[in-house]
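Worksheet: the structure to be examined is printed underneath.
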Amino acid sequence: METWQIYEITTRRFLAPILPLLEDPSVSEVMVNGPSSIYFERQGRIHRSDCHFTDELALLAAARNIAEFVGRRVDGDHHSLDGRLPDGSRVHIIIPPASRIGVCLTIRRFQKSTFQLSSLVERGSMSPEAKEFLELAVVLHKSILISGGTGSGKTSLLNALSASIPENERIIVIEDTSELQLNQPHTVYLEAQPPRPDGGGGVTIRDLFVDSLRMRPDRIVVGEVRRGEALDLVQSMISGHTGALATVHANSPRESAIRLETLCLMSDVSLPVHVARMQTASALQLVVQIARMSDGSRRLQSIAECLGLDAQNNYIFRELYRFEARGRNTEGMIVGGLVPTGERPTFWDEPGRFGIEDQVRLTKSLFTDASSQESTDEETPAT
42 METWQIYEIT TRRFLAPILP LLEDPSVSEV MVNGPSSIYF ERQGRIHRSD
92 CHFTDELALL AAARNIAEFV GRRVDGDHHS LDGRLPDGSR VHIIIPPASR
142 IGVCLTIRRF QKSTFQLSSL VERGSMSPEA KEFLELAVVL HKSILISGGT
192 GSGKTSLLNA LSASIPENER IIVIEDTSEL QLNQPHTVYL EAQPPRPDGG
242 GGVTIRDLFV DSLRMRPDRI VVGEVRRGEA LDLVQSMISG HTGALATVHA
292 NSPRESAIRL ETLCLMSDVS LPVHVARMQT ASALQLVVQI ARMSDGSRRL
342 QSIAECLGLD AQNNYIFREL YRFEARGRNT EGMIVGGLVP TGERPTFWDE
392 PGRFGIEDQV RLTKSLFTDA SSQESTDEET PAT
């Protein structure tokens, strides 16, 4: 029996009190706040569970079993850890005295990705036209940043967008904790590694990014930009590695650019603020904003293009699509969708230049020469 299979059995045994939640496909997250206070998320809403551990020692034993599986420790010298369960679910652990209410486990359940852009169309979160626009942007190697808050669905959207990457491209995926599941055959997955208890053996996202640039990537996909690796990402974008896909924590396209700039300044490279801003503005092309709404649903809020900096050194964004709500249905769910603003992207002529104009069907108003369109309209007799 393989080692991981042994841990799969033992972990299930230690986590037996919450197995009903971990095996429920409708549950996306399980939050254990001590042995008798357990919550779970279903369809974006948090509910309290009747599940409970027998006592604090049983919960601590489960935490230490998980830590052992990922080669880490949780004790007086190591108050928390990030890792994953044998089934791939992401887990965060924090123990007393850092946690005043006892051992806390937060488990983001691993689910086979069935999330597709078409599912957003079905829910009314975006139009078929916006879906086609995003697919074309990926094929045209536009660098796209997915921005949103915690639990807004950034990783799922990144996975859905990645499905548009052509199968003949070599893709390097870089993550803190492996979650993405791309369908393309030539995909290499790189995962950061925490230091061993003796302090050695750690592998950071920055380390992996440097490695990825030497691996002849056609496309680099970063699960989440959190630290100084933002500078490596930005500099790779402006040095020829176009078409990068990444996510970042921010609440608007403008805030996502500022966040990326701030993370660049957190690198070990001494970079003037104005240089970090200039490089970020040059690298960033599209920002897709996603949010968790008040009804628990996750909706795209905006697709915006970064046009660089203005005379005052502020980021310029042109919003191409915007979410418009049309009230609520009888079940209290927000009704609305992503609609075009009437603005066109700066790369409107690229489908024709790169020979993929046959893929432009619903987005002709965005990817057609405005002057020729106007002449056609003038020549068409009114009815």
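If you read the sequence shown in the numbering used here, its first letter stands for residue 42, the second for the next number, and so on. Built from N, CA and C at the ideal position, the CB exists for glycine as well.
- Message: Rounded to whole angstroms, what is the Cα-Cα separation between Thr191 and Arg141?
- Response: 23 Å
- alpha helix (DSSP H) runs contained entirely in the stretch 74-125, provided each spans 4 or more residues: 97-110
- If you compare alpha carbons, which of Pro66, Val71 and Ser67 is closest to Leu56? Nearest Cα to Leu56 within the set Pro66, Val71 and Ser67: Val71.
- Going by alpha carbons, who is nearest to Glu391 out of Val179, Ile47, Leu62 and Phe358? Val179
- Item | C-beta contact flag for Ile107 and Ser121 at 8 Å | Cβ atoms of Ile107 and Ser121: not closer than 8 Å.
- Which word fits Met278, buried or exposed, when buried means at least 16 other C-beta atoms lie within 10 angstroms of its C-beta? buried
- Item | Limits of the alpha helix (DSSP H) - the one that Thr196 falls within | Lys195 to Ser203
- Which of helix, strand or coil DSSP assigns to Ser406: coil
- Coil, strand or helix - Met72 by DSSP: strand
- Query: Does the distance from the C-beta atom of Ile59 to that of Ile79 stay below 8 Å?
  - Reply: yes
- Query: Under a Cβ-count criterion, where at least 16 other Cβ atoms within 10 Å of its own Cβ denotes burial, should Ile148 be classed as buried or exposed?
  - Reply: That one is buried.
- Of the listed residues Asp96, Arg150, Lys183 and Val111, nearest to Leu327 (C-alpha basis): Closest option to Leu327, Cα to Cα, is Lys183.
- Answer with buried or exposed for Asn200, where buried requires no fewer than 16 other C-beta atoms within 10 angstroms of its C-beta. buried
- Item | Nearest neighbour of Pro258, chosen from Ile185, Glu210, Glu220 and Phe110 [CA to CA] | Glu210
- Message: By alpha-carbon positions, which one of Asn354, Ile136 and Thr387 ends up nearest to Ala298?
- Response: The candidate whose alpha carbon is nearest that of Ala298 is Asn354.
- Pro127 versus Ser308 - alpha carbon distance: Between the alpha carbons of Pro127 and Ser308 lies a distance of about 32 Å.
- Task: Going by DSSP, name the residue or residues bridged to Ser343.
- Result: Paired residues: Gln330 and Arg363.
- CB contact flag (Ile212, Leu231, <8 Å): no
- Task: Kindly indicate the opening and closing residues of the alpha helix (DSSP H) around Val433.
- Result: Residue 433 is absent from the model: the chain starts at 42 and stops at 424.
- Beta-carbon spacing of Cys305, Thr321 below 8 Å: yes
- Query: When you compare only the Cα positions, how much space is there between His443 and Leu186?
  - Reply: As displayed, the chain neither begins before 42 nor continues past 424, which places residue 443 out of reach and without an answer.
- Item | Simplified DSSP assignment, three categories, for Glu216 | In the structure shown, Glu216 sits in a strand (DSSP, three-state: E or B).
- Please list, in chain order, all residues of the same chain as Thr404 whose beta carbon is under 7 Å from its beta carbon, the five residues on each side excluded. Glu170, Glu173, Phe174 and Leu177
- Message: Does Ile50 come out as helix, strand or coil in the three-state DSSP assignment?
- Response: helix
- For Leu348, name the three-state secondary structure that DSSP assigns. strand
- Message: On the CB-based measure, 16 or more other CB atoms within 10 Å of its CB, does Met167 come out buried or exposed?
- Response: buried
- Query: Nearest-angstrom Cα distance between Arg340 and Gly143?
  - Reply: 35 Å
- Query: Is the CB-CB distance between Phe264 and Glu220 below 8 Å?
  - Reply: First, the amino acid is wrong: residue 264 is Gly here, not Phe. A Cβ-Cβ contact shorter than 8 Å links Gly264 with Glu220.
- Query: With burial defined as no fewer than 16 other Cβ atoms inside 10 Å of the residue's Cβ, what is the status of Leu407: buried or exposed?
  - Reply: buried
- Message: With three or more beta-carbon pairs closer than 8 Å as the criterion, would you say the stretch 340-350 touches the stretch 94-106?
- Response: no
- Message: On the CB-based measure, 16 or more other CB atoms within 10 Å of its CB, does Gly194 come out buried or exposed?
- Response: buried
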